[in-house]
Amino acid sequence: MCNQHIDSCKDEIDLSIYFKFLFKHRNTILAVFFLCVIPTTVISFLLPKIYDVSMDISSVIEIRESKEPFFLDSQQNLKTKIEKGVYNLGIMRALNLPFSAKIEFKTLITERPDLIKISLEEEQKDIAFGMIILNQLYFEIAAEYEEIIKLKMQETQDLIYKLSGQIEKNNYLIELCEEIYGLLDKRSRRLENKIEKNKKIDILIYSDTIRKNSVYSDKLYNQYSCVLLEKKIFKKQMKDKRVEIESLKTKLDVLKLRRERIRNVALVGTLHADFPAVRPVKKQYVFVASVLGLILGIYIAFLRESRSKGPKNL
Numbered sequence: 017m018c019n020q021h022i023d024s025c026k027d028e029i030d031l032s033i034y035f036k037f038l039f040k041h042r043n044t045i046l047a048v049f050f051l052c053v054i055p056t057t058v059i060s061f062l063l064p065k066i067y068d069v070s071m072d073i074s075s076v077i078e079i080r081e082s083k084e085p086f087f088l089d090s091q092q093n094l095k096t097k098i099e100k101g102v103y104n105l106g107i108m109r110a111l112n113l114p115f116s117a118k119i120e121f122k123t124l125i126t127e128r129p130d131l132i133k134i135s136l137e138e139e140q141k142d143i144a145f146g147m148i149i150l151n152q153l154y155f156e157i158a159a160e161y162e163e164i165i166k167l168k169m170q171e172t173q174d175l176i177y178k179l180s181g182q183i184e185k186n187n188y189l190i191e192l193c194e195e196i197y198g199l200l201d202k203r204s205r206r207l208e209n210k211i212e213k214n215k216k217i218d219i220l221i222y223s224d225t226i227r228k229n230s231v232y233s234d235k236l237y238n239q240y241s242c243v244l245l246e247k248k249i250f251k252k253q254m255k256d257k258r259v260e261i262e263s264l265k266t267k268l269d270v271l272k273l274r275r276e277r278i279r280n281v282a283l284v285g286t287l288h289a290d291f292p293a294v295r296p297v298k299k300q301y302v303f304v305a306s307v308l309g310l311i312l313g314i315y316i317a318f319l320r321e322s323r324s325k326g327p328k329n330l
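In this text, residue positions in the sequence shown follow the numbering used here: the first is 17, and each later residue adds one.
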């Protein structure tokens, strides 16, 4: 039992030994600590301040009547084009920048489906120039979207012309059907009169002419039936054409509304610089330097102790 207690006491770690070791090598640890912290602090204060210059772009317009958003481009597609530098060449040409200049935009997709944030990191002295670059980026995107708008407007205009032509054609067919219907109506009235007259003749005459009149009467009835059928067909056609015209007019109104919606699409760019500076983060730099200084100081103290007394006495 006593042997077990003695073994357990041997296994216990005596923290006082480590505190004595740290106190003994405090000068070395503090020297390394301050050698890491002081230069880091000085350098962090000497580094130029970097500010975030940003712009919000919205590529959607809402129609007040329908409240239906119309998107020119998806957020992800616009983000990819900006980050891959699709617009950089146009910006360099417009601002007379050397082609060796590096323009690195950062993009952030927001929760709004129509809004994307574009930022550029610049020193304090270059904030104004960063805003000029972002403003030129806005014009480059707007110019590209203007081409898209023109194409969509042309497509819509072509559809409007096509539907307008169909409406005119149907109106002409309705007028034609009405004229034919009027002629058939006159013809049917004449046939009705002839049939009535033929009936009176059948009553008065009893000879061979009765047979002829009956044949003629049958012929008149057949013609009359055909005319009534044609009238019915043309009447249905006129009704169908009027329904088709109303449908085309509804589509035409929708297309005209869409044309106005496309015409009014615009980009909304808001330029602003974020304060305070995003870099350097002095507190973070000093904290990291402090942790590394302590670790490095303790490590050097252990090395010195091991070299002076050997690993057994450590």
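Ideal Cβ placement from N, Cα and C applies to all residues, glycine included.
Fair warning: this is a prediction, and the values are worked out from it, not measured in the lab.
With distances taken Cα to Cα, identify the nearest neighbour of residue i among the options.
i: ALA144; options: ALA289, LYS122, ILE59; result: ALA289
i: ILE107; options: LEU46, ALA159, SER306; result: ALA159
i: THR266; options: MET254, SER180, ASP68; result: SER180
i: ARG109; options: GLU156, PHE35, VAL307, ALA317; result: GLU156
i: LYS133; options: PRO292, GLU162, ILE164, ILE98; result: ILE98
i: ASN112; options: THR96, ILE149, ILE33; result: ILE149
i: LEU264; options: ASP89, TYR177, PRO64; result: TYR177
Report the rounded CA-to-CA distance for residue i versus residue j, giving the unit in angstroms.
i: ILE183; j: ILE261; result: 6 Å
i: LEU251; j: PHE87; result: Sequence inspection shows Lys at residue 251; the Leu mentioned does not correspond to that position. About 45 Å.
i: TYR301; j: ALA117; result: 29 Å
i: ILE79; j: ASP130; result: In this prediction, ILE79 scores a pLDDT of 49, lower than 50, which makes its location untrustworthy; the coordinate-derived value is nonetheless stated afterwards. Roughly 14 Å separates the two Cα atoms.
i: SER70; j: ASN93; result: 19 Å
i: MET147; j: CYS52; result: 37 Å
i: PRO296; j: GLU137; result: 12 Å
i: ALA305; j: THR56; result: 7 Å
i: LYS247; j: LEU175; result: 34 Å
i: LEU31; j: ILE316; result: 20 Å
i: SER322; j: PHE37; result: 12 Å
i: ILE249; j: ARG203; result: 15 Å
Quick check on the burial criterion: 16 or more other C-beta atoms within 10 angstroms. Buried or exposed for residue i?
i: VAL259; result: exposed
i: GLN140; result: exposed
i: ASN104; result: buried
i: GLN170; result: exposed
i: PHE303; result: exposed
i: SER223; result: Any reading at SER223 needs caution, since the residue's pLDDT is 47, under 50, leaving its predicted position unreliable; the model's value is listed next. Flag for SER223 reads exposed.
For the alpha helix (DSSP H) that residue i lies in, which residues bound it at each end?
i: GLU137; result: It is not in any alpha helix (DSSP H) - GLU137 instead sits in the beta strand (DSSP E) that spans 131 to 139.
i: ILE73; result: No alpha helix (DSSP H) holds ILE73; the beta strand (DSSP E) holding it covers 66 to 74.
i: VAL2; result: Residue 2 lies beyond the stretch modelled for the chain, which goes from 17 to 330, so this question has no answer here.
i: ARG128; result: Unbroken run through ARG128: none, as it is neither H nor E.
i: ALA110; result: 104 to 111
Below 6 Å CB to CB, which residues in the same chain sit around residue i once its five sequence neighbours on both sides are set aside?
i: LEU268; result: LEU179
i: MET254; result: ILE190, CYS193
What first and last residue would you give for the beta strand (DSSP E) that runs through residue i?
i: LYS122; result: 122 to 125
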